[in-house]
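Novice: In the numbering used here, the protein residues as written are 106 to 510. The C-beta atom is built at its ideal place from N, Cα and C for all residues, glycine as well.
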Amino acid sequence: MDSCPYVEDEKTPALNRSHATKQTGDKQNRGRTTMKWKDIFLTWGALLLITGCGKPVYIETQQFLLVEGIDLDDDNKLVIYSSSPIFSREAKERYKITTTTVDTVREAKKKLEAKINGNIALGKLQSILIGKKMILQTNVLPYLDVFFRDPKNEINANVIVVDGSVKEVMDTNMNDKGQMGGVIKQLVESTYQGRISVLTTLQKFHQQMIDKAITPCITELKVEKNDLVISGSTLLHKDGTIADSLNNQESSLLLLLQHNTSDPIPLTFHLPAEIFHTDEAISYVSINIRKAKTNILTKYEENHFLIDIQLKVQIELTERMFNLDMEKQGKRLEQSIEEELKKECETLIKKAQKHQIDPFGYGTYVRAHEYKDWMKIEDNWGKALSEATVNISPKVAIKSIGVSE
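1) Using the Cβ count rule (16 or more neighbours within 10 Å means buried), how would you classify A348?
2) Whole angstroms are fine: how far does the CA of I185 sit from the CA of L402?
3) Let me check understanding here. Comparing Cα to Cα, which of L170, V266, E212 lies closest to Y200?
4) By the DSSP assignment, the alpha helix (DSSP H) with L362 in it spans what residues?
5) DSSP three-state call for T296: helix, strand or coil?
6) Hey, F374 and L429: beta-carbon distance below 8 Å or not?
7) Which partner residues does G345 have in the DSSP bridge list?
8) Taking the C-alpha atoms as reference points, what is the distance between A489 and D463?
9) Would K343 be called buried (16 or more neighbouring beta carbons within 10 Å of its own) or exposed?
10) Can you tell me whether DSSP reads S505 as helix, strand or coil?
11) Exposed or buried, K116, counting other C-beta atoms within 10 Å across all chains shown (16 or more means buried)?
12) Rounded to the nearest angstrom, what separates L372 and L411 at their Cα positions?
13) Using beta-carbon positions only, say whether R300 and S338 come within less than 8 Å of one another.
14) Using a Cβ-Cβ cutoff of less than 8 Å, which residues in the same chain neighbour V245 once the five nearest sequence positions on both sides are dropped?
15) Taking Q419 as part of the alpha helix (DSSP H), name the residues at either end of that continuous run.
16) Please say whether V210 and K237 have beta carbons closer to each other than 8 Å?
The following block contains the structure:
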């Protein structure tokens with residue numbers, strides 16, 4: 106019998122290759138799965154090791170300095186105050202006040218550590234209080250240098266000038282108010298949100314001090330009958346000393362002139378009584394500025410700066426103490442409010458010119474538009490502004506008179 110020669114099926118190599126490829130793919134998948142689980146176990150192991158290496162930190166053993174105060178005593182020596190909350194269940198007080206006399210703020214930290222129970226936790230500072238006596242006599246910025254050197258420090262803490270001594274604030278009875286650090290922080294931020302005072306963080310204060318085109322303005326706080334009150338804002342010279350203080354109405358106008366109008370700005374005006382045939386005692390109107398559009402034009406002529414401020418505002422009436430027919434006299438009311446707004450803004454600008462300061466930041470516009478001329482006076486912008494002609498032209502439009510008439 107003739108042997109039949111073996112004939113290889115044409116599909117056999119392809120099937121073999123397919124089978125081999127499948128086996129290789131399965132091995133690769135199993136390998137990837139194994140590596141994935143190895144990575145997961147290694148990650149968990151590393152996390153467990155990290156957790157196990159660190160020592161537990163108990164809040165009772167930490168001292169969070171929420172408020173620091175800087176002032177001069179009767180002998181003109183530097184006094185540092187601090188307020189930190191107490192978390193111990195056995196303690197009767199909510200917070201602890203610590204006082205130390207030092208030469209520098211950094212030195213105070215070492216002395217504080219010797220007086221308090223626990224470790225000082227940096228980066229939790231909320232408020233820095235500066236006594237009026239100190240800021241009347243000296244530039245406070247060098248004393249704050251330590252807060253900018255250490256990256257652990259909180260540079261968003263609010264800077265506050267105390268109309269009086271820091272000791273008066275620290276001695277205030279807070280039993281019916283809460284923890285001192287939280288109370289001061291909420292008070293400053295709520296009055297700023299209500300646009301009756303400025304808000305200046307440590308970082309912003311530093312920027313205002315080094316920028317030649319603007320001078321600092323800081324929240325002002327005082328103690329009245331055991332209550333903490335935001336009385337307005339403090340204006341500083343370029344050397345960091347006090348120039349003047351603004352009440353709440355003037356602070357609102359300052360925010361308006363700074364274009365800080367993201368929240369409504371409240372103002373109250375005493376209008377001429379004879380215009381609306383009413384009594385002097387009740388010729389008051391209160392408004393909220395809802396929208397404001399400002400256009401500032403600058404010019405330099407004959408060694409003299411000209412600044413023209415065009416201000417368009419939309420307002421709502423929040424109070425009108427006298428009777429008025431709005432259909433007949435609405436435009437007259439708008440005109441009267443315009444006149445009062447112009448008068449009070451001019452008074453505020455003249456006050457700044459008198460002290461050779463620029464809390465409004467008009468120097469930034471002069472620097473941007475009149476740079477060549479700005480370079481001549483940049484080191485003495487306050488004096489140049491005091492000699493400048495500043496015109497303001499407000500235009501008022503009443504958009505709401507309330508829900509009832």
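Specialist: A quick look at the data gives this:
1) Buried: at least 16 other Cβ atoms inside 10 Å.
2) Rounded to whole angstroms, L402 to I185 spans 45 Å at the Cα level.
3) Ranking the options by Cα distance to Y200, first place goes to L170.
4) Unbroken alpha helix (DSSP H) run through L362: 353–362.
5) Note: T296 maps to helix in three-state DSSP.
6) Their beta carbons are not under 8 Å apart, which means F374 does not touch L429 by this criterion.
7) Per DSSP, none; premise fails for G345.
8) The alpha-carbon of A489 is positioned some 10 Å away from that of D463.
9) With 16 or more Cβ atoms within 10 Å of its Cβ, K343 is classed as buried.
10) Residue state, collapsed to three classes: strand.
11) Reliability fails at K116, whose pLDDT of 46 lies under 50, so the model's placement of it is uncertain and the value that follows must be treated cautiously. K116 is exposed by the Cβ-count criterion.
12) The alpha-carbon atoms of L372 and L411 are separated by roughly 28 Å.
13) The answer is no: Cβ separation not under 8 Å.
14) Cβ neighbours of V245 beyond the five flanking positions: I175, I235, M239, G345.
15) It is not in any alpha helix (DSSP H) - Q419 instead sits in the beta strand (DSSP E) that spans 410–425.
16) No, the Cβ-Cβ distance between K237 and V210 is not below 8 Å.
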